[in-house]
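Everything in the sequence shown is counted per the UniProt record's numbering, starting at 4 for the first residue and increasing by one. Even glycine gets a Cβ: it sits at the ideal position worked out from N, Cα and C. If you're wondering where the values come from, they're calculated on a predicted model, not measured in any experiment. First comes the structure, then the notes that go with it.
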Amino acid sequence: ITDKISALPDAANYFSLEFFPPKTSMGFANLQARLERMSQALRPLFVTVTWGAGGSTASKSLELAELCQRQLGLTTCLHLTCTNMSRKVIDEALEQAKVLGIRNILALRGDAPRSEEYREEGALPEDDSNKDFTWAIDLVRYIRKQYQDYFCIGVATYPEGHSDESHPEHQDPLHDLAYLVQKTKAGADFLMTQLFFDVDAYDKFEKMLREHESGVFETIPIIPGLMPIQSYQILRRTTKLSHAKLPADILARLDAVKGDDELVKQVGVGILSEIVEHLKKRPSPCRRGFHFYTLNLEKAVAHIVENTHLIPSILIDEEDEVAIDLGTPSS
Ligand code: FAD
């Protein structure tokens, strides 16, 4: 991923798309058809495939990653969590990713399965073979130790805090900062953010990282995570879960149409397009990219990348150009 970003022309922007593995074979077939269309029409720089916490989707995530990388020829990034599952699952996922030709891993901690409070009990499920993995940094270190520079590694980061007392973990960009420095120094090649709608909070966060005295964030790609608005209900649910604030003006625009799903989507495309345009104008030490949480849906993200001119033009490689210049020889 970082090689592809560096190879882009100076002022170019890029985008990536996230997909999750469907539960059923019918869902998988539908997604396959959608992915074929989207990869040809939208040409993302890369795609990412999510990983169920605790390895719950291990084989389905790898199946989807294989489809993306091998069959569709897309640069694919596999998400991988490291807590609440045995080390064997981590080893197998990394080995399988390598066999599939996948060169990118988003290294995550993951969360405890909601039904079982392993962390609070201070115990691990079934076996304790992954007792060395407590934070995402442990996975970053492990991948670097086992695979050196074979994988390009991304890590997660959170532009916004929250003061939800009922949440087991306090989230705060300032509190996270020292750990993010360590996680990056341990071998992260790029940062990918949690979804957000508050561009001021994001600008402040990115500035804090770029200017950090450690210098580790000076030029590293920081890819903002954006979620196209699919419905009013989904939006309210996902922003609550991810602790993303909905600025008052955005909420007012959506509240005004919340009874009409089609209008919500249209207004949502407008809102997301404005966020992209805003961020495109911000100075950046590297090519600016955007990561879209697609929820496996096609239309909204297609409109957004089209509106904001993020779709790259088709590059004709040199041999084809020569063939076109000379004309195809007749038999
Ligand atoms: P960490 O970097 O380990 O940080 C977690 C918390 O611990 C932070 O508050 C940090 O400040 C703190 N911390 C870190 N190190 C230490 C330390 N040494 N001592 C004390 N505190 C410390 N989840 C999934 O299950 N599957 C996915 O596919 C998935 N994809 C994601 C993609 C993105 C872009 C993002 C932003 C999140 C994703 N998540 C996914 C969610 C993620 O697993 C959770 O948010 C998880 O709670 C934290 O993961 P992390 O990698 O940020 O953890």
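*asked:* Under DSSP, the beta strand (DSSP E) around Thr51 begins and ends at which residues?
replied: Looking at the DSSP string, the run of the beta strand (DSSP E) that includes Thr51 is Phe49 to Val52.
*Would you say the beta carbon of Arg90 comes nearer than 7 Å to a heavy atom of ligand 1?*
No, the beta carbon of Arg90 sits no closer than 7 Å to any heavy atom of ligand 1.
*Three-state secondary structure (DSSP) at Thr242?*
Three-state result, Thr242: helix.
*Give a single yes or no on whether Glu172 has its beta carbon closer than 7 Å to a heavy atom of ligand 1.*
It does: the Cβ of Glu172 is within 7 Å (strictly closer) of some heavy atom of ligand 1.
_Starting from Ile140, trace the alpha helix (DSSP H) in both directions and tell me its first and last residue._
Ala139 to Tyr150 is the span of the alpha helix (DSSP H), which, as asked, contains Ile140.
*asked:* If you reduce the DSSP assignment to three classes, tell me which class Gln74 lands in.
replied: The answer is helix: DSSP assigns Gln74 an H, G or I state.
*Hey, is Leu75 close to ligand 1, as in C-beta under 7 Å from one of its heavy atoms?*
No - ligand 1 has no heavy atom lying nearer than 7 Å to the Cβ of Leu75.
*Can you pull the DSSP bridge partners for Gln174?*
Answer is His165, bridged to Gln174.
*Would Val308 be called buried (16 or more neighbouring beta carbons within 10 Å of its own) or exposed?*
Per the 10 Å Cβ criterion, buried.
*Separation of Leu45 from Tyr235, as counted between CA atoms*: If you take the alpha carbons of Tyr235 and Leu45, they lie about 25 Å apart.
*Since Cys80 sits in a beta bridge, which residues does DSSP pair it with?*
Partner(s): Thr51 and Asn107.
*Cα separation between Asn133 and Val92?*
The alpha-carbon atoms of Asn133 and Val92 are separated by roughly 10 Å.
*Taking Cβ positions, are Gly113 and Gly76 nearer each other than 8 Å?*
The answer is no: Cβ separation not under 8 Å.
*Take Cys71 as the anchor and find which of Gly55, Ala61 and Thr51 has the nearest alpha-carbon.*
Selected option, being the one with the closest Cα: Thr51.
*alpha helix (DSSP H) containing Leu266: first to last residue?*
Note, Leu266: alpha helix (DSSP H), Asp264 to Lys284.
*Take Phe136 and list the residues in its own chain whose beta-carbon comes closer than 7 Å to its own, dropping the five residues that flank it on each side.*
Cys85, Thr86 and Leu142, listed in sequence order.
*Own chain, CB closer than 7 Å to Ser276, minus 5 neighbours either side, in chain order*: The residues are Ile307, Asn310 and Thr311.
*Over the uninterrupted alpha helix (DSSP H) stretch that includes Glu209, give me the two end residues.*
Taken as a continuous stretch (DSSP letters only), the alpha helix (DSSP H) holding Glu209 covers Val202 to Arg213.
*Start and end residues, beta strand (DSSP E) containing Met195*: Unbroken beta strand (DSSP E) run through Met195: Phe193 to Leu198.
*If we call anything under 8 Å between Cβ atoms a contact, is Gly262 one with Leu48?*
With respect to Leu48, Gly262 sits apart: the two C-beta atoms are not nearer than 8 Å.
*Could you tell me if Ser28 is buried or exposed, where buried requires 16 or more neighbouring beta carbons within 10 angstroms of its beta carbon?*
Exposed, because fewer than 16 other Cβ atoms sit within 10 Å of the Cβ of Ser28.
*Boundaries of the beta strand (DSSP E) in which His306 is found, first to last residue*: No beta strand (DSSP E) contains His306, which is instead part of the alpha helix (DSSP H) from Lys302 to Asn310.
_Limits of the beta strand (DSSP E) - the one that Ser19 falls within_ = For Ser19, the enclosing beta strand (DSSP E) starts and ends at Asn16 to Phe22.
*Neighbour-count burial assignment, Leu244, 16 or more Cβ in a 10 Å radius*: Flag for Leu244 reads exposed.
*Quick one: give me the first and last residue of the alpha helix (DSSP H) that Leu249 is part of.*
Per DSSP, Leu249 lies in no alpha helix (DSSP H) segment and is marked neither H nor E.
*Decide if the region 217–235 is in contact with the region 31–44; the criterion is three or more beta carbon pairs, one per stretch, under 8 Å apart.*
The region 217–235 vs the region 31–44: no contact.
*DSSP state of Ala255, grouped into three classes?*
DSSP places Ala255 in the helix class (H, G or I) of the three-state scheme.
*Over the uninterrupted beta strand (DSSP E) stretch that includes Thr5, give me the two end residues.*
It is not in any beta strand (DSSP E) - Thr5 instead sits in the alpha helix (DSSP H) that spans Thr5 to Ser9.
*What residues in its chain sit with their C-beta under 6 Å from that of Leu177, if we drop five residues either side in the sequence?*
Cβ neighbours of Leu177 beyond the five flanking positions: none.
*Return yes when the C-beta of residue 335 is under 7 Å from any heavy atom of ligand 1, and no when it is not.*
Since the displayed the chain opens at 4 and closes at 334, residue 335 lies outside it and no answer follows.
*In its own chain, which residues sit with a C-beta less than 8 Å from the C-beta of Lys26, not counting the 5 before and 5 after it?*
Hits under 8 Å: Lys63.
_Could you compute how far the alpha carbon of Arg256 sits from the alpha carbon of Val270?_
Distance from the CA of Arg256 to the CA of Val270, rounded to the nearest whole angstrom, comes to 7 Å.
*Assign Arg46 to one of three DSSP states: helix, strand, or coil.*
Assigned with DSSP and collapsed to three states, Arg46 falls in coil, not helix or strand.
*Closest by CA to Cys80, which one among Trp54, Thr60, Met88 and Glu95?*
Of the candidates Trp54, Thr60, Met88 and Glu95, the one whose C-alpha sits nearest the C-alpha of Cys80 is Trp54.
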